[in-house]
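Let me begin by presenting the structure, written as structure tokens, before commenting on it.
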């Protein structure tokens, strides 16, 4: 694969050859509207705009150029590369699972020393931030999307880690998700078989299963031990215990609600004793 800097130079030369007038055209500092950004970059870099339109950040999701880059050219790439541009919208387990990972902690500690002018290329950063993995090589789709396949994710990870280590981590993550899915299947089967359990309680139990399975996925993807374990596998175990307890309690209440039928043999004994 062609090195990033060579590709960047080639891309720039292609623009200047195709649009020679742009070679001497001074760039305004801004501010720019969203429409102005899209119109200009559609001409300068149509592939980038195509990726944006087809990706998760698009006009449909109401996330445009200004949301990540600001409305000025100066430091626009630096602004988009920093985690704050992502976590401002992606709050909750997604950002917290990354923040509690080793990558997230080192990125936060060394943020002031990091050269954010570097392109999002393999090995350019001490640890990967949100944009390094999800917008790698300036891709404006999502390089971590499942549809891209595991090969893309492995290639990005091997920019810093050995292929053997990455294979082991991916195998461990796959096994973790397989175990989680077994628990999910068992929990849903128990819920489906439950009777006399209030619907609201069943819904809450089902949501707990899905939430904690998602935590494991985030823990594996972000390499967060807390989300693989504390908020993940043991939390799913707790869900199964709560589901069984709810079913047991339902059966107990059902039994207590039944009218007590007198024992005919006991009645005859009482009559004989009275006589």
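Numbering (mature numbering (1 follows the signal peptide of the UniProt record, and there is no 0)), first residue to last: -23 to -1, 1 to 252.
Ideal placement from N, C-alpha and C gives every residue a C-beta, glycine not left out.
Contact set for residue 19: own chain, Cβ-Cβ below 7 Å, skip 5 residues either direction = 26
Can you tell me whether DSSP reads residue 59 as helix, strand or coil?
-> coil
Can you find a heavy atom of the ligand GDP that lies under 7 Å from the Cβ of residue 137?
-> Looking at this structure, you won't find the ligand GDP or any other ligand, since it has none at all.
In chain order, what residues of the same chain have a beta carbon less than 7 Å from the beta carbon of residue 35, not counting five sequence neighbours either side?
-> 29
Spatial neighbours of residue 87 within its chain, please: CB distance less than 7 Å, with the 5 preceding and 5 following residues excluded, ordered by chain position.
-> 103
On the premise that residue 193 lies in contact with residue 209, defined as a C-beta separation below 8 Å, what is that separation, rounded to the nearest angstrom?
-> 4 Å
Measure the Cβ-Cβ separation of residue 107 and residue 75 and say whether it is below 8 Å.
-> yes
Use the C-beta contact count for residue 231: other C-beta atoms within 10 angstroms, 16 or more gives buried, fewer gives exposed.
-> exposed
Shortest alpha-carbon distance to residue 124 belongs to which of 32, 17 and 7?
-> 32
Taking the runs of the alpha helix (DSSP H) that are 4 residues or longer, which of them lie wholly in the segment 26 to 88?
-> 42 to 46, 53 to 58, 60 to 64, 70 to 76 and 79 to 86
Nearest to residue 164 (by Cα), restricted to the options 213, 94, 49 and 132 = 213
Express the C-alpha separation of residue 176 and residue 228 in angstroms, rounding to a whole number.
-> 15 Å
Skipping 5 residues on each side, what residues in its chain have a beta carbon closer than 7 Å to that of residue 79?
-> 200
Rounded separation between residue 132 and residue 62 - CA only | 25 Å
Classification of residue 159 by the beta-carbon crowding that lies within 10 angstroms, buried from 16 upward = exposed
Would you grab the beta carbon distance between residue 51 and residue 6 for me? Rounded to a whole angstrom, and I think it's under 8 Å.
-> 6 Å
Apart from the five residues just before and just after residue 129, which ones in its own chain have a Cβ nearer than 7 Å to its Cβ?
-> 120
Would you mind stating whether residue 81 and residue 137 have Cβ atoms separated by less than 8 Å?
-> no
Excluding sequence positions up to five away, which residues of its chain have a Cβ less than 7 Å from the Cβ of residue 93?
-> 55, 58 and 59
Using the Cα positions of residue 43 and residue 153, report the straight-line distance between them to the nearest angstrom.
-> 38 Å
Which residues in the same chain as residue 40 place their Cβ atom closer than 6 Å to its Cβ, once the five residues preceding and following it in sequence are excluded?
-> 34
Give the single residue among 225, 202 and 198 whose Cα lies nearest to the Cα of residue 171.
-> 225
From the DSSP output, in three-state form, read off residue 174 for me.
-> coil
Please name the residue in 196, 173 and 218 whose C-alpha comes closest to that of residue 185.
-> 218
So is residue 110 buried or exposed if we call it buried at 16+ other beta carbons inside 10 Å?
-> buried
Expected contact under 8 Å - CB spacing of residue 168 and residue 183 to nearest Å = 6 Å
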